[in-house]
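K.L.:
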Amino acid sequence: KQWYQRRVRANSNDDLGFEGIGNCHTHKSNANDAEFDTLIGHLQDVVIEDGFQDLQDKFLNEHCDEFEDEEENKLIYTDIYNQYISTLEGYIADRMMELCPNFKMSALLELIQSRPEEVDLDLFETLTSLADFSMFKETMINYKSQRDCQFYNFPSLLVTSLAGGLPKH
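Start counting the sequence shown at 26; every next residue gets the next number (this note's numbering).
#1: For P141, name the three-state secondary structure that DSSP assigns.
#2: Is it right to say T63 is buried, meaning 16 or more other beta carbons lie within 10 angstroms of its own, or is it exposed?
#3: Which residue marks the beginning of the alpha helix (DSSP H) containing E150, and which one marks its end?
#4: Rounded to whole angstroms, what is the Cα-Cα separation between L85 and I110?
#5: For E74 and K129, what's the separation of their Cα atoms in angstroms?
#6: Taking Cβ positions, are F61 and M165 nearer each other than 7 Å?
#7: Which runs of the alpha helix (DSSP H), 4 residues or longer, sit entirely within the stretch 112-139?
#8: When you compare each of Q175, C174 and N167 to C89 by their alpha carbons, which one comes out closest?
#9: Looking only at C-alpha atoms, which of D94, T103, T151 and Y106 sits nearest to L68?
#10: If you drop the 5 nearest sequence neighbours on each side, which residues of the same chain put their C-beta closer than 7 Å to that of T112?
#11: Determine the burial state of C174: buried for a count of at least 16 other Cβ atoms within 10 Å of its Cβ, exposed for fewer.
#12: Counting C-beta neighbours from all protein chains within 10 Å, is the total for I65 16 or more, i.e. buried, or is it exposed?
#13: Work out the CA separation of L155 and Y102 for me, nearest whole Å.
#14: Buried or exposed for A56, going by 16 or more other Cβ atoms inside 10 Å?
#15: Which residue marks the beginning of the alpha helix (DSSP H) containing N86, and which one marks its end?
#16: CB-CB under 8 Å to L136, same chain, minus the five flanking residues each way: which ones, in chain order?
#17: Taking F158 as the reference, which of D94, P141 and N107 has the closest Cα?
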């Protein structure tokens with residue numbers, strides 16, 4: 026079963042017997058399922074769009090150097106985590122308000138908590154990272170490790186490729 030469905034909207038939803046949830050329209054007979062599908066569909070769209078990904082990457086890149094893979098947490102981690110939550114939740118809320126003008130984050134969270142098995146795993150993990158400091162710290166450390174690995178491996182790849190000699194023409 027697909028976990029959300031796209032709804033085609035006509036120019037005049039009033040003629041089709043639709044009931045509005047903000048500007049997210051649902052059919053009266055299945056309002057709860059349609060509301061869930063619509064909101065979760067929009068939420069997934071928001072977290073996979075370039076704007077969200079770029080914002081997250083920029084934040085991780087700017088702050089990952091503060092994090093170390095140690096048991097003890099530094100005080101600055103809390104400040105960075107709170108900035109992360111504020112930044113990403115703000116982006117999500119703003120974009121969801123654009124898609125559904127009467128959107129309320131609390132209503133979305135209630136829907137997700139009532140039906141967690143119907144939320145895509147990647148989306149669920151993204152949302153969980155906003156509520157779980159340990160997962161956030163692990164994300165920062167992994168991001169730093171991958172970034173540094175790519176940076177440090179590039180010169181060795183270049184040298185290795187040239188070690189066989191230049192192509193002959």
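C-beta: ideal position from N, C-alpha, C; glycine also.
P.N.:
Looking at the coordinates:
#1: As a first step, residue 141 is located in the sequence shown; it is residue number 116 there, counting from the start. Three-state DSSP puts P141 in a helix.
#2: Walking along the sequence shown from the start, residue 63 turns up at place 38. If you draw a 10 Å sphere on the C-beta of T63, you find 16 or more other C-beta atoms in it, and that means buried.
#3: The residue given as residue 150 occupies position 125 in the sequence shown. Start and end: L146 to S154.
#4: Indexing the sequence shown from 1 puts residue 85 at position 60. Indexing the sequence shown from 1 puts residue 110 at position 85. Each residue's alpha carbon lies about 12 Å from the other.
#5: Translated into positions along the sequence shown, residue 74 becomes position 49. Translated into positions along the sequence shown, residue 129 becomes position 104. Computed Cα separation, rounded: 20 Å.
#6: In the sequence shown, residue 61 corresponds to position 36, counting from 1. In the sequence shown, residue 165 corresponds to position 140, counting from 1. Not in contact: F61 and M165 (Cβ atoms no closer than 7 Å).
#7: 130-139
#8: Along the sequence shown, read from residue 1 onward, the residue named residue 89 stands at position 64. Checking every option, the nearest Cα to that of C89 belongs to N167.
#9: Here residue 68 refers to the residue found at position 43 of the sequence shown. The residue with the shortest Cα to Cα distance from L68 is T151.
#10: Looking up residue 112 in the sequence shown gives position 87. Answer for T112: L80 and F84, listed in chain order.
#11: By one-based count along the sequence shown, residue 174 stands at place 149. It counts as exposed.
#12: Translated into the one-based positions of the sequence shown, residue 65 becomes position 40. Here I65 is buried: its Cβ has 16 or more other Cβ atoms, across all protein chains shown, within 10 Å.
#13: The residue you call residue 102 lines up with position 77 of the sequence shown. The residue you call residue 155 lines up with position 130 of the sequence shown. Spanning the two alpha carbons is a distance of roughly 14 Å.
#14: Along the sequence shown, one-based indexing puts residue 56 at 31. A56 should be labelled exposed.
#15: Within the sequence shown, the letter at position 61 stands for residue 86. Note, N86: alpha helix (DSSP H), D75 to H88.
#16: Here residue 136 is taken as the residue at index 111 of the sequence shown, counted from 1. Correct list, in chain order: E60, F61, L64 and I65.
#17: Locating residue 158 in the sequence shown gives position 133, where the first residue counts as 1. Comparing Cα-Cα distances from F158 to each of D94, P141 and N107, the minimum goes to N107.
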